[in-house]
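Residues in the sequence shown are numbered from 3 upward in steps of one, following this note's numbering.
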Amino acid sequence: MEKIAAISSLAALAHDMRIDVFRLLIRAGADGVAAGQIAKTLQIRPNTLSNNLTILSAAGLVTSQREGRSVRYFANMDGMRTLLSFLMEDCCGGRAELCQPVLDQIACPSTANCKIRPRETEI
């Protein structure tokens with residue numbers, strides 16, 4: 003990951019509403035969440051949500067899939083893993099392999115095979 007891409011991802015998450023949306027999508031796992039349900043759950047106006055989802059998508063943190071008249075959104079686990087890897091690249095005295103178990107524990111390897119259980123706590 004390039005430094006500019008990391009800055010873009012971090013900037014996208016550095017907003018109260020966007021981090022709530024991203025965390026909701028993380029909890030939803032491979033099932034994702036329809037845009038209308040995100041708006042309802044987080045009590046966000048649809049046009050405001052749309053703008054924030056566009057920013058998260060542009061940063062590579064969210065993907066979407068059209069389902070008839072609605073759109074389902076997913077956390078891009080590969081994007082999150084890439085960002086976390088970039089942030090931890092120089093940890094452990096430059097021996098990134100020492101940090102790999104931490105990365106494996108906090109980030110699923112890919113969206114396709116990631117099964118995340120919803121947490122019991124609220125956002």
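No residue lacks a Cβ here, since even glycine has one placed at the ideal position from N, Cα and C.
Strand pairing of residue i, partner residues [DSSP]
i   : result
E69 : S72
A36 : R74
Length of the line joining the Cα atoms of residue i and residue j
i    : j    : result
T84  : C101 : 14 Å
P103 : Q67  : 31 Å
S52  : S87  : 28 Å
S72  : Q39  : 10 Å
G34  : Q107 : 21 Å
I21  : S11  : 11 Å
H17  : F24  : 10 Å
CB contact flag (residue i, residue j, <8 Å)
i   : j   : result
S76 : L27 : Reading off the sequence, residue 76 comes out as Phe, not Ser. Contact flag set, yes.
A36 : R97 : no
L58 : A7  : no
N78 : G62 : yes
M19 : N54 : yes
Extent of the continuous alpha helix (DSSP H) to which residue i belongs
i   : result
D18 : 18-30
G81 : 79-89
I6  : 5-15
A61 : Note, A61: premise wrong, no alpha helix (DSSP H); not H, not E.
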